[in-house]
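Report on the following structure.
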Amino acid sequence: MLPFREFWVILKKDILLELRTKEMIVSMLLFVMLTMVIFNYAFSAEKNDLTTFGGGLLWVAFIFTSFLGLNRSFVHEKDEGCLEGLLLSPVDRSVIYVAKMMGNLIFITVVQLAAVPIFTIFFIRYPYYIYWSHVWPFTVGLALSSFGIAGVGTFVATLAANTKRRDLLLP
Numbered sequence: 369m370l371p372f373r374e375f376w377v378i379l380k381k382d383i384l385l386e387l388r389t390k391e392m393i394v395s396m397l398l399f400v401m402l403t404m405v406i407f408n409y410a411f412s413a414e415k416n417d418l419t420t421f422g423g424g425l426l427w428v429a430f431i432f433t434s435f436l437g438l439n440r441s442f443v444h445e446k447d448e449g450c451l452e453g454l455l456l457s458p459v460d461r462s463v464i465y466v467a468k469m470m471g472n473l474i475f476i477t478v479v480q481l482a483a484v485p486i487f488t489i490f491f492i493r494y495p496y497y498i499y500w501s502h503v504w505p506f507t508v509g510l511a512l513s514s515f516g517i518a519g520v521g522t523f524v525a526t527l528a529a530n531t532k533r534r535d536l537l538l539p
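Counting from 369, one number per residue, gives the positions in the sequence shown under our numbering.
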């Protein structure tokens, strides 16, 4: 098979498996919503100036939610023996890595697209005062950071899947 075809087969498998089970995306969405609700009660928008720490709250929610999803991304592969099957197949390992990374990137992006409106509802009292000139740099930063989290996180999740204490590497 061609590397591009192998890439699509692995990516399609990951997406179809997640659409069938909905384990990872539902847990990630619930976690990010719960995090936003807790942050809403802990840091009220009326009492504090969100310009100083609002971005930090959003990134804490993104990072921990991504860790949760990355930890779950290889659980099924390891439990069912699919990871060994992928490694034994005549597929270049870089293709396997990139396909798994793109699958994780898709799931992280879906959760981030759901988290930003929730953050806006909870923390920005007047959303019509959003400076639209800041939306483009925020979107670019979000995309680049998602790519970085998915890239490094997939590598660490692969290493963690083969250890007995994988929850210590990816909480």
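Beta carbons: idealized from backbone N, C-alpha and C, even for Gly.
**OP:** Could you check if Phe543 is buried or exposed, using at least 16 other CB atoms within 10 Å of its CB as the buried criterion?
**Re:** Residue 543 falls outside the range modelled here, since the chain spans only 369 to 539, and no answer is possible.
Original post:
Is the region 455 to 464 touching the region 503 to 510, taking contact as three or more C-beta pairs under 8 Å?
Top reply: no
Original post:
Should Ala410 be labelled buried (16 or more other beta-carbon atoms within 10 Å of its own) or exposed?
Top reply: Ala410 is exposed by the Cβ-count criterion.
Original post:
What is the DSSP secondary structure of Ile476, counted as helix, strand or coil?
Top reply: helix
**OP:** Give the secondary structure of Phe411 by DSSP, where H, G and I count as helix, E and B as strand, and everything else as coil.
**Re:** coil
Subject >> Given 8 Å, three or more beta-carbon pairs between the region 393 to 403 and the region 442 to 450 >> reply: no
Original post:
Taking Cβ to Cβ, would you say Phe491 is nearer than 8 Å to Gly423?
Top reply: no
**OP:** Compute the Euclidean distance between the alpha carbons of Asn408 and Phe430, then round it to the nearest angstrom.
**Re:** 15 Å
**OP:** Taking all protein chains shown into account, decide if Phe372 is buried (16 or more other Cβ within 10 angstroms of its Cβ) or exposed.
**Re:** exposed
**OP:** Look at Gly516 and Leu379 and say whether their C-beta atoms are less than 8 Å apart.
**Re:** no
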